[in-house]
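Every number in this note's numbering is 1002 more than the matching position in the sequence shown, counting from 1.
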Amino acid sequence: MELTDLVGAAVRGGLSWGSDALARLRQRSGIDGPRPCDALILDVDDTLVDTDSALRTAARAAALEVWPTTSAAVREGFAELFLTDPDGVFGRYTAGELRFHEMRKARIAVAAERSGLLWEARRYRRFCSGFDPAFAAAQQLFPDAMPAVVAAERWGITVVLLTNSSSPATRMKLQVLGVADRFEHVVTTDTLGIGKPDPSVFLHACELGGAAPEAAVAVGDNYANDVAAARAAGLRGLWLDRSGRGTAGEPPAIRSLAELPAALTRAV
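Listed below in structure tokens is the structure:
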């Protein structure tokens, strides 16, 4: 059985990266051909971790905390607007224009205004008291995440996490999920004060991974930030299109990280 088949079997069986089955995966899997890259630059949010679902859950909890008498439908609308960020506030954070909490406050204000809810800055702590515990409790790895990491390591590829989130938020996610000690190299927006799609963050990730840009592959769910930006920085880029909503003109994508080992052996 080849590595791709073993990884797929692990994912379908719902196995975690720390299970005996994945230990056997490490021992049994044979790799055909040369190592396809020196470093794998992995996005975190909605690539390894189901962040959209966690954000929606946390925003609902925070809305209930701040606006307890408002209808569930209105609170749901607020949560959706907070998640989708129609004014692109998060992009101002990754561009270095806003600090993390400034970004969050602005994002709340936009979602509240569009939902017809009264928002006052003095309620921010109350919002966080509802949001933060719910967000931590809702963290969940995609089933294909750690098997893909195991596969890369079995190949001798250095894995570097590159996320547009903050360092504290990323640390919390990895700790809650029990994988914080698994990743030696983690780059966040706080690392350089700027995030994707700036090429400097990709080059920094490559440096941490001990790889030249042309010997690194970046993988993520956001085509513009994770794939096009990586290619502009000189890396290869592979798009994780979990929903299958790809559009014409975009390169072939993978629908699951279980497809990653095979995809790495192809030109991307």
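Quick reminder that beta carbons are idealized off the backbone N, C-alpha and C, glycines included.
Three-state secondary structure (DSSP) of L1242 = strand
task: Using a threshold of 8 Å, state whether the C-beta atoms of T1193 and S1167 are closer than that.
output: no
Who are V1051's beta bridge partners in DSSP? D1047, L1143
Whose C-beta lies closer than 8 Å to the C-beta of L1085 among residues of the same chain, with five residues either side of it excluded? D1054, L1057, R1058, A1061
Given a threshold of 16 other Cβ atoms within 10 Å of its Cβ, counted over all protein chains shown, does R1245 qualify as buried or as exposed?
The residue you asked about is not Arg; residue 1245 is Ser in the sequence shown. Answer is exposed; the Cβ neighbour count stays below 16.
- Are three or more beta carbon pairs between the segment 1061 to 1081 and the segment 1110 to 1126 nearer than 8 Å? Below 8 Å, enough C-beta pairs join the segment 1061 to 1081 and the segment 1110 to 1126 to call them touching: three or more.
- Query: Enumerated in chain order, which unbroken segments of the alpha helix (DSSP H) with a length of 4 residues or greater are wholly contained in the segment 1165 to 1223?
  - Reply: 1169 to 1178, 1191 to 1194, 1201 to 1210
Give every residue of the same chain whose Cβ lies closer than 8 Å to the Cβ of R1128, excluding the five residues on either side of it in the sequence, and list them in chain order.
-> E1067, V1068
message: Looking only at its chain, what residues have a beta carbon closer than 8 Å to the beta carbon of R1101, apart from the 5 residues adjacent to it on each side?
response: Y1095
Quick check for students: name the residue ranges of the alpha helix (DSSP H) that lie wholly in the segment 1055 to 1115, counting only runs of 4 or more.
1074 to 1086, 1091 to 1096
Around the Cβ of R1257, are there at least 16 other Cβ atoms within 10 angstroms (buried) or fewer (exposed)?
exposed
* Assigned secondary structure, L1237 (DSSP; H/G/I helix, E/B strand, else coil) -> coil
| query | For D1223, which residues of its own chain have a beta-carbon under 6 Å away from its beta-carbon, when the five flanking residues on both sides are left out? | reply | D1048, T1049, L1242
Mapping the DSSP letters down to three states, classify A1041 as helix, strand or coil.
Looking at A1041 - three-state DSSP - the assignment turns out to be strand.
| message | Spatial neighbours of D1089 within its chain, please: C-beta separation below 6 Å, excluding the five flanking residues on both sides. | response | V1112
Start and end residues, alpha helix (DSSP H) containing P1263: P1263 -> alpha helix (DSSP H) spans 1262 to 1266.
| message | Let's test the definition: count the other Cβ atoms within 10 Å of the Cβ of D1183 and tell me whether it reaches 16, buried, or not, exposed. | response | exposed
Check: Candidates V1046, G1132, N1227: which alpha carbon is nearest A1147's?
Finding: V1046
**Q.** Alpha-carbon spacing of S1169 relative to P1038, whole angstroms
**A.** 30 Å
I need the DSSP call for L1259, collapsed to helix, strand or coil. Helix.
- request: Name the one or two DSSP bridge partners that V1161 has.
  value: L1042
**Asked** With distances taken between CB atoms, is the gap from L973 to L1044 smaller than 8 Å?
**Response** This structure does not reach residue 973, given that the chain is present from 1003 up to 1270, and the question cannot be answered.
Exercise. From the DSSP output, in three-state form, read off L1027 for me.
Key: With a pLDDT of only 44 at L1027, under the threshold of 50, the placement of this residue in the model should not be trusted; the figure read from the coordinates follows. Helix.
- Message: Quick check: the Cα distance between V1009 and K1175, rounded to an integer number of angstroms?
- Response: Unreliable positioning characterises V1009 in this predicted model, as indicated by a pLDDT of 45, which lies under 50. The coordinate reading is nonetheless provided below. Answer to the nearest angstrom: the Cα atoms are 23 Å apart.
**Report entry** Backbone secondary structure at R1125 - three-state DSSP
**Finding:** Reduced to three states, the DSSP call for R1125 is helix.
Practice problem: Can you tell me which of the three DSSP states R1247 falls into? | Solution: coil
- Message: For L1237, tell me which candidate among L1259, W1121, A1213, L1262 has the shortest Cα-Cα distance.
- Response: A1213
| said: Is it buried or exposed, G1211, if we count other Cβ atoms within 10 angstroms and call 16 or more buried? | reply: buried
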